[in-house]
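S.K.: Residue numbers (my numbering): 2 to 590.
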Amino acid sequence: MSENKTIPVCYHCGEDCTQEVITHADKKFCCQGCKMVYEILNEKDLCQYYDIDENAGVSLRGKKQLQFSWLDDKLIQSQLIDYQDDKVTKVTFYLPSIHCASCVWLLENLYKFNDGILDSKINFIKKEIHFTYDSAQVSLRQLAELLASIGYTPEINLGDLDDSKRKPVDKKLIYQLGVAGFAFGNIMLMSFPEYFGLNEANATGFQKWFGILNILLAIPVVFFSGRDYLKSGWLGLQKRNLNIDVPISIGILTLFGRSIFEILSGNGAGYLDSLAGLVFFLLIGKWFQQITYNHLSFERDYKSYFPVAALLQDGTTVPIQNLKAGDIIIVKNKELIPADGMLLLGKASVDYSFVTGESEAIPKNIGEQLYAGGKQIGEALQIQITKTVSQSYLTQLWNDAVFSKEGKNQSNQTQLLADNVGKYFTYVILTIAFLTLGYWMTIDAKKAINAFTSVLIIACPCAVALSIPFTFGNAIRILGKHGFYLKNTPVIERFKKITCIVFDKTGTLTSTSKNNEITFVGKKMTEEERKAVAALAAQSSHPLSQHILNFLGVKNDFPKIKNFQEIEGAGLQGTVNQQVIKIGSADFT
2 MSENKTIPVC YHCGEDCTQE VITHADKKFC CQGCKMVYEI LNEKDLCQYY DIDENAGVSL
62 RGKKQLQFSW LDDKLIQSQL IDYQDDKVTK VTFYLPSIHC ASCVWLLENL YKFNDGILDS
122 KINFIKKEIH FTYDSAQVSL RQLAELLASI GYTPEINLGD LDDSKRKPVD KKLIYQLGVA
182 GFAFGNIMLM SFPEYFGLNE ANATGFQKWF GILNILLAIP VVFFSGRDYL KSGWLGLQKR
242 NLNIDVPISI GILTLFGRSI FEILSGNGAG YLDSLAGLVF FLLIGKWFQQ ITYNHLSFER
302 DYKSYFPVAA LLQDGTTVPI QNLKAGDIII VKNKELIPAD GMLLLGKASV DYSFVTGESE
362 AIPKNIGEQL YAGGKQIGEA LQIQITKTVS QSYLTQLWND AVFSKEGKNQ SNQTQLLADN
422 VGKYFTYVIL TIAFLTLGYW MTIDAKKAIN AFTSVLIIAC PCAVALSIPF TFGNAIRILG
482 KHGFYLKNTP VIERFKKITC IVFDKTGTLT STSKNNEITF VGKKMTEEER KAVAALAAQS
542 SHPLSQHILN FLGVKNDFPK IKNFQEIEGA GLQGTVNQQV IKIGSADFT
């Protein structure tokens with residue numbers, strides 16, 4: 002007589018403990034790695050990780066501990082690091098193991114592991130983590146080792162740092178959609194006799210052969226096109242977590258099993274047309290979701306808030322995405338630096354608050370490195386580009402929250418509510434589905450299967466889970482098309498707290514059309530004076546300064562400016578050929 006043994010499940014990752022069982026604090030683990038991660042999380046008071054999704058961890062069984070000593074190499078660091086100064090460093094890692102809300106929660110709380118980690122933000126769609134850290138307290142190598150120790154080993158490939166190479170297009174979904182669509186059309190075609198009640202087909206024996214052909218067409222639909230739903234549902238059950246794919250998977254398998262039984266037993270034609278149509282339309286929804294996410298992610302790119310074009314040394318302008326290493330650009334007062342480069346000419350005082358959250362301007366000398374996202378305060382600079390423009394990095398700067406640990410609790414409360422509702426909604430759906438099945442089984446078994454699968458499919462909680470990102474994402478996109486740019490989605494929720502709105506007058510409330518007429522009154526200026534005034538106006542990106550520069554007609558060969566200042570609400574001031582020149586309001590000049 003055999004005795005059935007229950008295989009324990011790992012508390013951390015949810016996999017079966019088939020090789021060994023390690024017990025710690027009344028909890029079972031499949032390997033020392035999973036046990037170690039639990040101990041780390043418990044020590045740091047981060048066990049809420051398991052409350053969000055049970056067994057959410059990544060299994061470390063059989064994984065080798067990678068060595069990251071090569072990240073201590075300064076040349077490699079310069080290729081990976083997005084920004085660095087005396088206080089903070091920023092870097093981005095690709096983490097293929099990110100898969101659920103628990104992963105996001107844990108990775109955004111890494112500051113509790115090390116005081117040197119100031120901030121960590123997750124881009125779930127791209128599976129990226131953006132670190133802001135103090136390099137004096139924690140190194141790039143230690144960050145990679147920390148991620149690997151908790152099961153999120155970063156994938157680092159120096160050849161893929163360019164945005165255009167980072168993620169190839171995944172055609173698997175298109176193939177799945179094509180197979181489902183092909184099968185759906187042909188199964189319907191061979192089901193026409195049944196649709197129209199053509200008894201002649203039944204009498205000649207073709208119905209059975211059509212049914213078998215339909216089964217053959219449905220097999221790739223279920224096990225190829227529907228594989229992702231079945232796999233996700235099975236993993237959810239393994240981890241004792243009823244995700245939104247569980248009811249879909251049960252519905253697919255119920256329709257498939259019931260149809261095979263009916264066709265082979267000769268009791269009916271089954272529901273394979275409905276099955277193929279279900280998978281086909283689910284995949285259409287998934288494809289639409291994917292392109293919508295990409296649309297929301299990339300349509301609102303850096304062009305919304307960074308300069309669209311850069312001014313080259315020769316006076317021509319080029320789109321910033323066309324900048325390449327070696328190009329020399331001009332960055333004027335209050336303009337953002339679009340790409341990493343080396344300072345060639347000018348007195349740089351760079352405000353990196355857009356990058357670090359610190360508003361103190363940092364002086365830079367000729368020959369020093371300047372990072373993308375900094376804002377020049379003072380005279381115009383000549384910068385030689387050393388790295389091409391990174392769209393994903395510029396976009397991340399815009400999306401970054403305030404770099405403070407207190408800011409981590411200011412999450413999107415509506416999204417958290419929707420996630421919790423979607424999670425419990427799955428339990429409600431399954432309960433209703435099985436109650437419906439039990440009720441109809443006592444009345445009509447055929448209707449019972451139809452009612453059971455209908456509840457599972459139609460009442461899918463996907464809409465609840467996706468409603469917030471789609472709604473808020475589209476709101477940001479629509480507002481952006483009308484010239485109203487929001488930093489991120491939580492800003493929408495904070496609209497209700499707004500009590501006062503402050504506008505910048507010029508260019509916002511007043512017109513800056515190039516057709517605005519400029520009239521000169523006074524003694525005619527000499528050519529030297531025109532160049533001096535033009536040199537001062539050329540330092541500023543203010544619309545009125547540019548109009549004056551165009552009016553003077555001086556394009557280049559400007560004299561050198563010293564002691565340049567742009568005073569808010571007043572005007573410009575600088576010294577040219579030992580003569581102080583001012584441009585601005587009457588009170589200022």
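All C-beta atoms in this analysis are idealised placements derived from N, C-alpha and C, irrespective of residue type, glycine included.
Pairs of beta-carbons, one from the segment 371-385 and one from the segment 317-332, closer than 8 Å: are there three or more?
M.R.: yes
S.K.: What are the start and end residues of the alpha helix (DSSP H) that includes LEU345?
M.R.: From DSSP, LEU345 is part of no alpha helix (DSSP H) but of the beta strand (DSSP E) over 342-346.
S.K.: So which of GLU380, MET343 and SER140 has the shortest CA-CA distance to ASN564?
M.R.: Answer by Cα proximity: GLU380.
S.K.: Between SER275 and PRO194, what straight-line distance do the alpha-carbon atoms span, to the nearest angstrom?
M.R.: 16 Å
S.K.: Does DSSP classify LEU324 as helix, strand or coil?
M.R.: Residue state, collapsed to three classes: coil.
S.K.: Please specify which runs of the beta strand (DSSP E), each continuous and at least 3 residues long, are wholly inside the segment 75-155, giving them in chain order.
M.R.: 82-85, 90-95, 118-124 and 129-134, all fully within the segment 75-155.
S.K.: Below 8 Å CB to CB, which residues in the same chain sit around ASN366 once its five sequence neighbours on both sides are set aside?
M.R.: LEU344 and ALA349
S.K.: What separation, rounded to the nearest whole angstrom, lies between the Cα atoms of ALA476 and PHE496?
M.R.: 13 Å
S.K.: By the DSSP assignment, the alpha helix (DSSP H) with ILE188 in it spans what residues?
M.R.: 173-191
S.K.: Go through its chain and collect everything with a Cβ distance to PHE559's Cβ below 8 Å, but skip five positions before and after it.
M.R.: LYS532, ALA535, ALA536 and ALA539
S.K.: Taking the beta strand (DSSP E) that PRO364 belongs to, which residues open and close that run?
M.R.: Where PRO364 is concerned, the enclosing beta strand (DSSP E) stretches over 362-365.
S.K.: To which residues does DSSP link GLU44 through a beta bridge?
M.R.: BP columns for GLU44 are empty, so no partner.
S.K.: Under 8 Å by Cβ, that's how I've got ILE519 and ILE549 pegged, so tell me the actual separation to the nearest angstrom.
M.R.: 7 Å
S.K.: Does ASN334 come out as helix, strand or coil in the three-state DSSP assignment?
M.R.: strand
S.K.: Quick check: the segment 173-184 against the segment 221-234, are at least 3 beta-carbon pairs closer than 8 Å?
M.R.: yes
S.K.: Assuming ILE118 and VAL105 form a contact by the criterion Cβ under 8 Å, report the distance between their Cβ atoms to the nearest whole angstrom.
M.R.: That pair is no contact at about 16 Å.
S.K.: Could you give the residue range of the beta strand (DSSP E) that holds GLN574?
M.R.: 572-577
S.K.: Can the beta-carbon of ILE212 be found less than 7 Å from the beta-carbon of ILE264?
M.R.: The sequence as given places Gly at residue 212; Ile does not occur at that position. Cβ atoms of GLY212 and ILE264: closer than 7 Å.
S.K.: Measure the C-alpha to C-alpha separation of PRO339 and VAL89 and round it to an integer number of angstroms.
M.R.: Within the model, the alpha-carbon separation for PRO339 versus VAL89 is close to 20 Å.
S.K.: Restricting to Cα atoms, I'd like to know which of ASP445, ASP73 and ALA449 is closest to THR437.
M.R.: ALA449
S.K.: Helix, strand or coil, according to DSSP, for ASN268 in the structure here?
M.R.: In this structure, ASN268 counts as coil in the three-state DSSP scheme.
S.K.: Report the three-state DSSP secondary structure of THR24 (helix, strand or coil).
M.R.: Residue state, collapsed to three classes: strand.
S.K.: Evaluate LEU217 with the Cβ neighbour count: other Cβ atoms within 10 Å of its Cβ, from every protein chain shown; 16 or more gives buried, anything less gives exposed.
M.R.: With fewer than 16 other Cβ atoms within 10 Å, it is exposed.
S.K.: In the DSSP assignment, what are the bridge partners of ILE378?
M.R.: According to DSSP, which records beta bridges pairwise, ILE378 is partnered with nothing at all.
S.K.: Quick one, which of VAL581, GLU156, PRO544 and VAL577 has its alpha-carbon nearest GLU336's?
M.R.: PRO544
S.K.: Note down the Cα distance separating SER455 from GLY286, rounded to an integer number of angstroms.
M.R.: 18 Å
S.K.: At the level of alpha carbons, what is the spacing between GLN85 and GLN370?
M.R.: 10 Å
S.K.: Throw me the rounded Cβ distance for the PHE281 and GLY182 pair, which I believe falls under 8 Å.
M.R.: 5 Å
S.K.: With the cut-off set at 7 Å, would you say SER70 and TYR153 are in Cβ contact?
M.R.: No.
S.K.: Looking only at C-alpha atoms, which of LYS388, ALA26 and ASP445 sits nearest to ALA373?
M.R.: When C-alpha distances from ALA373 are compared across LYS388, ALA26 and ASP445, the shortest belongs to LYS388.
S.K.: Closest to LEU178 by CA distance: which of LEU284, GLY554 and ILE430 is it?
M.R.: Taking only the C-alpha atoms, the option nearest LEU178 is LEU284.
S.K.: Any idea what DSSP makes of GLY286, helix, strand or coil?
M.R.: helix
S.K.: For the putative contact between LEU273 and ALA219, defined by C-beta atoms under 8 Å, what is the C-beta separation to the nearest angstrom?
M.R.: 5 Å
S.K.: Kindly list the residues whose CB is nearer than 8 Å to the CB of TRP235, restricted to its own chain and excluding five residues on each side of it in sequence; keep chain order.
M.R.: SER250
S.K.: Would you mind sorting GLY554 into buried or exposed? The rule is 16 or more other CB atoms within 10 Å of its CB.
M.R.: That one is exposed.
S.K.: With respect to the alpha helix (DSSP H) encompassing ALA533, which residues constitute its N-terminal and C-terminal limits?
M.R.: 528-538
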